[in-house]
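Notes follow the structure.
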Amino acid sequence: MARQTTGQITRLGTLKNLLQRFAFLSLIAITFALMLIGKADTVLVERARIAITDAVVPILRVLSQPANAIAESIANFRELAAIREQNSALRDANEQLLQWQAIAQKLESENRSLKSLLALVPEPTAAFVSARVVGDTGGTFAQSILVTAGASDGVGKGDVVTTGEGLVGRVLQAGVHSSRVLLITDINSRIPVIVGEGANRAILVGDNGLRPRLLYVGAKTSIAPGDKVTTSGDAEAFPPGIPVGRVARVQDGVIEIEPFVSRDKLQHVRLVNYGLAGILNATGAEARK
Amino acid sequence: MHQTTLWQKADVVARRCVPMTMTVFFLLFSMVPMHLPGVPSMAPMYTLMAVYFWSVYRADSFGYGAAFAIGVLEDLLIGTPLGSTALTLLLCQWVVFNQQKFFSNRPFPEVWLAFSVVAIGAGLLRWVCTGLIGSGSFPPIGDAVGAIILTIVTYPIIGWLMARAQMKLMVPT
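These protein sequence lines are chains B and D, in that order.
Under the numbering used here, the first residue of the first sequence is numbered 160, with each subsequent residue one higher.
Under the numbering used here, the first residue of the second sequence is numbered 4, with each subsequent residue one higher.
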């Protein structure tokens with residue numbers, strides 16, 4: 160009797176093992192199928208990503224509250240400690256800015272009269288939305304953030320994302336109430352830029368690290384650490400002149416850029432629609448993610 | 004004759020869902036911006052820790068289907084190439100299930116050491132997947148190594164939290 164029961168248990172164990180092995184192999188096959196779908200049908204995968212992101216962002220909104228509150232209080236405390244020095248620096252800056260204001264007003268009136276002489280067509284005005292950063296999906300394997308504004312707020316794919324410091328990235332997927340922003344440090348990010356005073360053109364390429372690199376730099380260009388990098392406006396993906404960062408290191412032909420926007424301080428961003436058609440509407444490399 | 008009420012059944016189901024719920028929580032937690040300088044480029048692989056832990060201690064409540072679902076969810080949420088994390092987590096679980104004899108009643112340092120080996124394999128696999136399936140170029144290997152080290156170092160904390168949850172919320176096997 161006991162031997163019969165033991166036999167039954169062994170048979171059950173073998174059956175369970177077989178089922179488990181079958182499940183494992185089937186799931187591995189499905190995983191490879193998903194990889195192929197991800198490469199072939201980007202629209203379907205993008206829809207799935209948008210749906211999941213929209214569902215998760217309300218939870219992230221709640222989860223991110225404590226971390227945001229702590230970061231804000233630390234920032235407040237630091238500001239309080241440096242308030243005297245900051246005050247005198249601001250006074251100096253204010254004096255300088257007042258001088259600049261006078262110059263700007265003069266130039267503005269001059270500009271206006273010159274524009275009327277040339278009958279210049281004005282650039283379209285940009286519409287923007289501000290949003291809170293609730294998700295940072297970043298790591299070695301992808302670099303994007305999730306923000307609390309989506310299509311219902313007027314956000315669209317390709318919108319340029321900035322802070323007061325400079326360029327953050329651009330909208331990769333716009334859900335109903337949330338959006339995914341591809342950061343300039345992401346391995347899929349390619350941005351046409353201008354470097355330094357000599358106006359050298361190059362492409363800023365992310366590699367999922369903290370410092371993106373410059374590629375396709377002309378042979379006779381002279382780029383040195385400290386040079387400012389701004390968007391060039393080529394390919395109409397970004398408007399010209401948005402500050403991106405500074406050249407941090409030039410070594411063995413590798414030019415690393417330190418972005419102006421420090422990722423760990425990102426709490427709010429501005430999503431701007433410049434009305435640019437750009438390369439984003441084409442099904443290019445950027446649409447792959 | 005003893006009869007199980009609806010509440011008792013719901014209680015059993017809820018307790019069986021603890022591993023999956025905690026893993027999803029860790030996935031969402033990993034996405035919360037922490038505002039720590041330098042950390043975003045080398046975040047630890049929380050889901051790997053969770054999948055490893057539950058596969059070692061509660062294989063009855065966390066099978067291949069669970070690891071696959073978590074992997075696909077992570078790929079969709081994080082933006083990594085679809086299938087890459089799912090493949091990594093499934094292989095991690097396969098290794099653990101195949102070494103069940105090794106893991107039974109082992110002291111924590113040995114389980115941690117085994118996790119280190121799994122984490123190195125998983126980190127490198129994800130790195131290769133990101134390069135091959137994604138954009139065609141590879142992220143810096145230094146950052147991948149950093150993420151692996153961070154994952155190994157963080158494991159005791161996450162493992163302790165999951166062990167507490169297992170003792171408090173789940174029925175002993």
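Heads up, the beta-carbon is just placed ideally off N, CA and C, and yes, glycines get one too.
Sub-8 Å separation of residue i and residue j beta-carbons
| i | j | result |
| --- | --- | --- |
| Ala-69(D) | Met-23(D) | yes |
| Met-52(D) | Thr-133(D) | no |
| Leu-93(D) | Leu-186(B) | yes |
| Ile-346(B) | Asp-366(B) | yes |
| Leu-331(B) | Leu-31(D) | no |
| Tyr-375(B) | Ala-361(B) | yes |
| Thr-296(B) | Ile-81(D) | yes |
| Leu-222(B) | Val-27(D) | no |
| Leu-430(B) | Ala-396(B) | no |
| Phe-118(D) | Tyr-55(D) | yes |
| Thr-299(B) | Asp-146(D) | yes |
| Phe-29(D) | Ile-161(D) | yes |
| Gly-317(B) | Pro-402(B) | no |
| Gln-426(B) | Ala-285(B) | no |
| Val-327(B) | Val-420(B) | yes |
| Ala-204(B) | Gly-294(B) | Per the sequence presented here, residue 204(B) reads as Val, with Ala not at that position. No; because the gap between Cβ atoms is not below 8 Å, this pair is not in contact. |
| Arg-372(B) | Val-413(B) | yes |
| Ile-144(D) | Ala-122(D) | no |
| Val-306(B) | Arg-329(B) | no |
| Asp-423(B) | Leu-164(D) | no |
Contact set between residue i and chain B, taken where Cβ atoms lie within less than 8 Å
| i | result |
| --- | --- |
| Tyr-67(D) | Gln-179, Ala-182, Phe-183, Leu-186 |
| Met-45(D) | Gly-298, Thr-299 |
| Pro-142(D) | Thr-299, Phe-300, Ile-346, Asp-366, Asn-367, Gly-368 |
| Phe-71(D) | Leu-186, Ile-189, Thr-190 |
Partners in chain B for residue i, counting only beta-carbon separations shorter than 9 Å
| i | result |
| --- | --- |
| Trp-10(D) | Simply none; closest approach about 27 Å. |
| Ile-81(D) | Thr-296, Gly-297, Gly-298, Phe-300, Ala-301, Ser-303 |
| Met-173(D) | In chain order: nothing, as chain B lies at least about 21 Å away. |
| Ala-150(D) | Gly-298, Thr-299, Phe-300 |
Neighbour list for residue i in chain B, Cβ cutoff strictly below 7 Å
| i | result |
| --- | --- |
| Met-23(D) | Residues of chain B passing the Cβ test: none, with the nearest at roughly 15 Å. |
| Asp-146(D) | Thr-299, Asn-367, Gly-368 |
| Met-37(D) | Ala-226 |
| Met-52(D) | Here the premise fails: no neighbours, minimum Cβ distance about 14 Å. |
Where residue i falls, given that 16 or more other Cβ within 10 Å makes a residue buried
| i | result |
| --- | --- |
| Glu-113(D) | exposed |
| Asn-108(D) | exposed |
| Glu-254(B) | exposed |
| Ile-151(D) | buried |
| Leu-342(B) | buried |
| Val-280(B) | exposed |
| Val-59(D) | buried |
| Gly-443(B) | Residue confidence is low: Gly-443(B) scores 40 on pLDDT, short of 50, so the model does not pin down where it sits. Its coordinate-derived value is still stated next. Result: exposed. |
| Gln-11(D) | exposed |
| Leu-363(B) | buried |
| Leu-153(D) | buried |
| Ile-136(D) | buried |
| Thr-321(B) | buried |
| Ile-353(B) | buried |
| Val-15(D) | exposed |
| Gly-404(B) | buried |
| Ala-441(B) | Reliability of the predicted coordinates at Ala-441(B) is poor, the pLDDT of 43 falling under 50, and the value obtained from them is presented with this limitation in mind. Exposed. |
| Gly-74(D) | buried |
| Asp-213(B) | buried |
| Ile-304(B) | buried |
| Met-4(D) | Unreliable placement is indicated for Met-4(D), whose pLDDT of 49 sits below 50; the coordinate value is still reported in the next sentence. Met-4(D) comes out exposed. |
| Thr-190(B) | buried |
| Arg-250(B) | exposed |
| Gly-197(B) | buried |
The ligand MG heavy atom lying under 7 Å from the CB of residue i
| i | result |
| --- | --- |
| Thr-8(D) | This structure does not include the ligand MG; it has no bound ligands of any sort. |
Under 7 Å by beta carbon: chain D residues contacting residue i
| i | result |
| --- | --- |
| Ile-218(B) | Leu-31 |
| Lys-424(B) | His-38 |
| Ser-289(B) | The contacting residues do not exist; Ser-289(B) stays about 16 Å from chain D at best. |
| Ala-396(B) | Those within 7 Å of Ala-396(B) in chain D number zero; the least Cβ separation is about 17 Å. |
Chain D contact residues for residue i, given Cβ-Cβ distances below 8 Å
| i | result |
| --- | --- |
| Ile-211(B) | Leu-76, Leu-79, Leu-80 |
| Ile-362(B) | The premise fails here: Ile-362(B) is roughly 13 Å from chain D at the closest Cβ pair, so nothing lies under 8 Å. |
| Val-420(B) | In chain order: nothing, as chain D lies at least about 12 Å away. |
| Thr-169(B) | By Cβ distance, chain D contributes nothing, its closest Cβ being about 16 Å from Thr-169(B), past 8 Å. |
| Ile-196(B) | Leu-85 |
| Ala-199(B) | Near Ala-199(B) there are no residues of chain D at all, since even the closest Cβ is about 11 Å away, more than 8 Å. |
| Ala-407(B) | Those do not exist, as Ala-407(B) stays about 15 Å from chain D at its closest Cβ, beyond 8 Å. |
Chain D contact residues for residue i, given Cβ-Cβ distances below 9 Å
| i | result |
| --- | --- |
| Ile-350(B) | Those do not exist, as Ile-350(B) stays about 14 Å from chain D at its closest Cβ, beyond 9 Å. |
| Val-292(B) | Pro-36 |
Subject >> Given 8 Å, three or more beta-carbon pairs between the stretch 306–318 of chain B and the stretch 336–354 of chain B >> reply: yes
Original post:
What residues in the stretch 85–98 of chain D bring their beta carbon closer than 9 Å to a beta carbon of chain B?
Top reply: Leu-85, Gly-86, Ser-87, Thr-88, Ala-89, Leu-90, Leu-93, Leu-94, Gln-96, Trp-97
**OP:** Take every Cβ of the stretch 87–95 of chain D, pair it with every Cβ of the stretch 117–128 of chain D, and state whether three or more of those distances are shorter than 8 Å.
**Re:** yes
Original post:
Going along the stretch 127–138 of chain D in order, which residues come within less than 9 Å of chain B, judged by CB to CB distance?
Top reply: Arg-129, Trp-130, Cys-132, Thr-133, Gly-134, Ile-136, Gly-137, Ser-138
Original post:
At a cut of 8 Å, does the stretch 375–388 of chain B reach the stretch 404–416 of chain B through at least three beta carbon pairs?
Top reply: yes
Original post:
Between the stretch 53–72 of chain D and the stretch 7–24 of chain D, do three or more beta carbon pairs fall short of 8 Å?
Top reply: yes
Original post:
Using Cβ-Cβ distances below 7 Å, what residues of the stretch 312–342 of chain B are close to chain D?
Top reply: Arg-339
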